[in-house]
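Numbering (our numbering), first residue to last: 66 to 376.
As structure tokens, then:
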């Protein structure tokens with residue numbers, strides 16, 4: 066998939082486009098409906114493309130710091146978009162000083178650099194008080210065919226990235242899975258830790274490079290670790306995940322650690338994806354390390370039973 070920074074160019078050499086517009090954080094089921102509609106609308110000779118944003122518009126326009134953290138940081142988002150058939154990604158960097166009138170007028174100015182035949186956009190894609198309705202009307206008057214996709218619901222809940230973020234923060238992985246269409250996962254490189262788990266008989270991998278993610282509430286989770294090889298996941302392991310501050314060993318910062326069930330090997334420096342399937346218990350403090358080990362043994366037995374694995 067080709068990636069183009071629209072702001073950096075006065076004119077963009079581009080084929081005729083069917084263009085989906087949105088932030089697409091999470092590439093959730095609502096986004097997937099938009100992408101499917103764009104595929105259906107595309108005519109012969111047109112390229113399927115997405116116009117997305119380097120920073121969430123509400124982070125720029127409203128200084129909403131919630132959007133510093135992502136369900137899918139950009140590299141992961143781009144990989145998912147490519148899987149759904151997107152051939153080009155037009156990255157739009159928004160600076161508040163650039164917006165002289167309304168956000169959508171700024172978007173249209175950037176859009177005019179391209180050869181857009183068709184636009185597909187979600188009904189709730191709006192980032193400022195000025196409705197995107199006028200933007201769509203302007204596109205229509207310019208001969209650009211516009212399709213507005215209604216809100217998508219799962220089990221009566223409107224799908225939105227904000228709702229999914231809230232569920233992740235609350236550790237509610239079943240509704241996260243339902244709205245994303247897949248488990249929530251965090252991808253990073255295995256780094257050296259304090260090796261406390263190994264000393265206690267429960268070796269764990271420590272995940273680095275996770276600061277850009279929305280993270281689940283502290284606790285122990287059941288999950289799956291995918292080990293990457295040559296850019297793709299080559300093997301999967303059932304796992305227990307400890308996410309949080311590790312009060313039992315006086316931890317000071319949020320960490321994600323994973324104990325792979327029935328695994329032995331060295332993963333330092335490897336890229337892994339940790340998928341969160343189910344919240345098991347809150348993060349606990351213990352009077353001593355023996356009590357911690359006893360609880361970890363119980364967690365392992367419960368995890369193996371839930372996964373249907375054997376010790």
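Positions of the beta carbon are idealized from the N, C-alpha and C atoms, including for glycine. The structure displayed is predicted, hence computed values, not measured ones.
- When only Cα atoms are considered, residue 254 and residue 332 end up about 9 Å apart.
- Assignment of beta-bridge partners to residue 347 by DSSP yields 284.
- If the five residues before and after residue 103 are omitted, its C-beta is found closer than 7 Å to the C-beta atoms of 83, 85, 113 and 185, all from its own chain and listed in chain order.
- According to the DSSP secondary-structure assignment, residue 116 is paired through a beta bridge with 86 and 155.
- In the structure shown, residue 73 adopts helical secondary structure according to DSSP, grouped into three states.
- In the DSSP assignment, the residues bridged to residue 324 are 305.
- Among the bridge pairs identified by DSSP, residue 275 is matched with none.
- Below 8 Å, enough C-beta pairs join the region 228-239 and the region 274-286 to call them touching: three or more.
- Looking from the CA of residue 214, the closest CA among 326, 106, 339 and 334 belongs to 106.
- Put simply, of 304, 299 and 297 the residue whose alpha carbon is nearest the alpha carbon of residue 289 is 304.
- Distance from the CA of residue 256 to the CA of residue 78, rounded to the nearest whole angstrom, comes to 42 Å.
- By the Cβ-count criterion, residue 370 is exposed, with fewer than 16 other Cβ atoms from all chains shown falling within 10 Å of its own Cβ.
- No Cβ-Cβ contact shorter than 8 Å links residue 301 with residue 342.
- Across the set 182, 180, 176 and 201, the C-alpha of 201 shows the shortest separation from the C-alpha of residue 188.
- In the DSSP assignment, residue 251 falls within the beta strand (DSSP E) that extends over 249-256.
- Annotated as distal: residue 252 and residue 323, with beta-carbon spacing of 8 Å or more.
- The count of Cβ pairs closer than 8 Å, one atom from the region 165-181 and one from the region 67-76, reaches three, so the stretches are in contact.
- DSSP places residue 203 in the helix class (H, G or I) of the three-state scheme.
- In the DSSP assignment, residue 293 is bridged to 298.
- By the criterion of a C-beta distance shorter than 6 Å, residue 334 is surrounded by no residue of its chain, once the five residues flanking it on both sides are discounted.
- In the DSSP assignment, residue 136 falls outside any beta strand (DSSP E), carrying neither H nor E.
- In this model, residue 267 and residue 241 are separated by some 28 Å (Cα to Cα).
- Residue environment: residue 80 is assigned as exposed (fewer than 16 neighbouring CB atoms within 10 Å of its CB, all protein chains considered).
- For residue 213, the uninterrupted beta strand (DSSP E) segment begins and ends at 210-214.
- The DSSP-derived three-state label of residue 233 is helix.
- The beta-carbon distance between residue 89 and residue 122, rounded to whole angstroms, is 12 Å. This is too long to meet the 8 Å contact definition.
- Under the three-state reduction of DSSP output, residue 340 falls in the strand class.
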